[in-house]
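*Asks:* Below you will find the structure I want to go over with you.
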């Protein structure tokens, strides 16, 4: 089992890439990390692979801290966007070399290489250089090499995003293999369709912050934040609040009432066609758009009292 508890990662220049992430992946379970570009997917992938040490928190595999295990003893398979192949290698050498490191006998290595090349449709390419391959063939090669291992953890980092015209075809071509993986699988992607098709659970992140964890059904039916709703329902229109209003309100730190009461904004959620603001004291109030005025952008109403999100600029109409 993979366990991630209160994981935070800061880069050397002070930017926090991951903030307090926690999740579990059981044996034979598949978890997607769904995020837009810059959302923290690759940083989390590197951390789980043992390539990037966290600032705080813990990653453990079968009860053992990943970073306490020597790199050559970590039984982890990781497929990254760049796939980490040497361009001057042939396809045969790329498949055979990891087997040679594990001291697999020569005849057995040849047999395993031929079988993997056949299974992933790269048999005619065995004598080609990596630099001569199309990107979809490089992805097949990466999966073919991964199939030769029996890992304790399987990681895939949004590899299909490197394809432009064949992303969906390549994903569904390799889907049966990914479904057959028995080890815990963490699959990062920017595509909701890929995440929900392959995985049992999905973690939705943006700028390293976890917005929601749940099954595809839970996320699609009850998105917990406006960001989640826009990500998984990109063609839905928000009925109670327009896009400019919601973006401004989510960037506000506080709102004030006519009587001088101040509430600190924590989040904005969207449920059943209505947007709500969440405040630091867990008050939830419905958002309503108001006619354009210079002194405010949007407002929320609770009974007879109105709370306004003030703007220094005139609202665009």
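Numbering (the numbering used here), first residue to last: 167 to 483.
Where is the CB? At the ideal position from N, CA and C, for every residue including glycine.
Just so it is clear, the structure is predicted and the values come from calculations on it, not from any experiment.
Roughly how many angstroms lie between the CA atoms of residue 365 and residue 303, to the nearest whole one?
*Replies:* Rounded to whole angstroms, residue 365 to residue 303 spans 24 Å at the Cα level.
*Asks:* If I measure Cβ to Cβ from residue 457 and keep anything under 7 Å in the same chain, skipping five residues before and after, which residues do I get?
*Replies:* A caution first: residue 457 carries a pLDDT of 37, below 50, which makes its placement in the model too unreliable to give a value.
*Asks:* For residue 399 and residue 189, what's the separation of their Cα atoms in angstroms?
*Replies:* Cα to Cα, the separation comes out at about 24 Å.
*Asks:* Taking the straight line between their C-alpha atoms, what separation do you get for residue 266 and residue 256?
*Replies:* Whole-angstrom Cα-Cα distance: 15 Å.
*Asks:* Going by CA-CA distance only, name the one from 348, 338, 276 that's closest to residue 361.
*Replies:* Measuring from the Cα of residue 361, the nearest candidate turns out to be 338.
*Asks:* When DSSP builds the beta bridges, which residues end up paired with residue 253?
*Replies:* The partner list for residue 253 (beta bridge, DSSP) is empty, contrary to what the question assumes.
*Asks:* Hey, out of 238, 169, 215, whose CA is closest to residue 114's CA?
*Replies:* Limits of the chain in this structure are 167 at one end and 483 at the other, which puts residue 114 out of reach.
*Asks:* Excluding sequence positions up to five away, which residues of its chain have a Cβ less than 8 Å from the Cβ of residue 296?
*Replies:* Contacts found: 251, 252, 253, 254, 255, 256, 257, 260, 304, 307.
*Asks:* Given a cut-off of 7 Å on the beta-carbon distance, is the pair residue 199 and residue 210 in contact?
*Replies:* The answer is yes: Cβ separation under 7 Å.
*Asks:* Assuming the contact rule is C-beta atoms closer than 8 Å, residue 326 and residue 245 should be a hit. Round their C-beta distance to whole Å, please.
*Replies:* Rounded, the Cβ-Cβ distance is 11 Å, inconsistent with contact.
*Asks:* Relative to the C-alpha of residue 375, which candidate in 393, 219, 242, 358 has its C-alpha closest?
*Replies:* Per the Cα distances, 393.
*Asks:* So, does the segment 335 to 354 touch the segment 313 to 325, judging by three or more C-beta pairs under 8 Å?
*Replies:* Output reads yes: the segment 313 to 325 touches the segment 335 to 354.
*Asks:* What runs of the beta strand (DSSP E), each 3 residues or longer, lie entirely inside the segment 319 to 405?
*Replies:* Listed in chain order, the complete beta strand (DSSP E) runs (minimum 3 residues) inside the segment 319 to 405 are 319 to 323, 351 to 355, 367 to 372, 375 to 380.
*Asks:* Hey, out of 205, 171, 332, whose CA is closest to residue 181's CA?
*Replies:* For the residues 205, 171, 332, the minimum Cα distance to residue 181 belongs to 205.
*Asks:* What does DSSP give as the partner residue(s) for residue 168 in the beta ladder?
*Replies:* According to DSSP, which records beta bridges pairwise, residue 168 is partnered with 191, 227.
*Asks:* What residue from 380, 294, 283 has the CA that sits closest to residue 358's CA?
*Replies:* The shortest C-alpha separation from residue 358 is found at 380.
*Asks:* Mark residue 330 as exposed unless 16 or more other C-beta atoms lie within 10 angstroms of its C-beta, in which case mark it buried.
*Replies:* Under this definition residue 330 is an exposed residue.
*Asks:* Is it buried or exposed for residue 368, if we count other Cβ within 10 angstroms and need 16 for buried?
*Replies:* So residue 368 ends up on the buried side.
*Asks:* If distances are taken between C-alpha atoms only, which option among 235, 294, 268, 346 comes closest to residue 196?
*Replies:* Checking every option, the nearest Cα to that of residue 196 belongs to 346.
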